[in-house]
Structure formats: structure tokens, C-alpha cells
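A.B. asks: Just so you know, the sequence shown maps onto residues 23 to 105 in the numbering used here. This is the structure I want to talk about, given as C-alpha cells.
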Amino acid sequence: MVRVLLTDSISKSYTGGVSEFEIFVSNVRQLIRQLDEKYPGLGSEINNGALSISIDGDIYQDAFIEDLQPDSEITFLPKIGGG
């Protein structure tokens, strides 16, 4: 099972405060789809590019094509602006 971690602000906005859970998926697209079904709006927030995705400690700006391992740890983080 893939382990998913959310920041406090994301979990308060979309999951009623649930910030850690496990889910059966094999890639990031599947993960986003299932998250949106379980927590409406979260998948859209991820798809809109407002969040970065960390997979096993590596941060991706565009992780939609990444495969996941059964023991992967996924963290969703607000993107940091800069310039």
C-alpha cells in the first residue's frame, strides 16, 4: 500500500483533518483519481498544479507519469513561489 501524507492545511481543507492514510494504487494518476473520489476537490487541486508531489523523498513538479511502488511514500506540498 502506498502511504500518503498531507500537510495540516491541505488535510484541514480537503480531508477533515486526516493527514496520513494508505491506499492501493500503482501510479500517480490513479492516486489522484482515487483521492478525488474519496476527498472531492483534492484531486482537482493537485491537477491544477497548486501542489508539488514528493515520492519517496524526491520532489516532482509534474509527477503524473510516475509509477509507484507498493511501499512508496507520497507527500503533497504547497508549491513554493519564487522569482
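Glycine residues also receive a C-beta, built at the ideal position from the N, C-alpha and C atoms.
Would DSSP call TYR36 helix, strand or coil?
C.D. replies: For the purposes of this step, residue 36 is identified with residue 14 of the sequence shown, where counting begins at 1. If DSSP states are grouped into helix, strand and coil, TYR36 belongs with the helices.
A.B. asks: For the candidate residues PRO92, ASP58, TYR82, ASP78, whose alpha-carbon lies nearest to that of SER35?
C.D. replies: Here the question's residue 35 lines up with position 13 in the sequence shown. The residue with the shortest Cα to Cα distance from SER35 is ASP58.
A.B. asks: Out of curiosity, what's the CA-to-CA distance linking GLY38 and GLU67?
C.D. replies: Against the sequence shown, residue 38 aligns to sequence position 16. Against the sequence shown, residue 67 aligns to sequence position 45. When rounded, the distance between both Cα atoms is 16 angstroms.
A.B. asks: Hey, VAL50 and LEU90 are a contact pair by Cβ (cut 8 angstroms); roughly how many whole angstroms apart?
C.D. replies: Numbered from 1 along the sequence shown, position 28 holds the residue referred to as residue 50. Numbered from 1 along the sequence shown, position 68 holds the residue referred to as residue 90. Contact holds; Cβ gap of about 7 angstroms.
A.B. asks: Using the three-state DSSP reduction, which class does ILE81 fall into: helix, strand or coil?
C.D. replies: Taking the first residue of the sequence shown as position 1, residue 81 is located at position 59. Reduced to three states, the DSSP call for ILE81 is strand.
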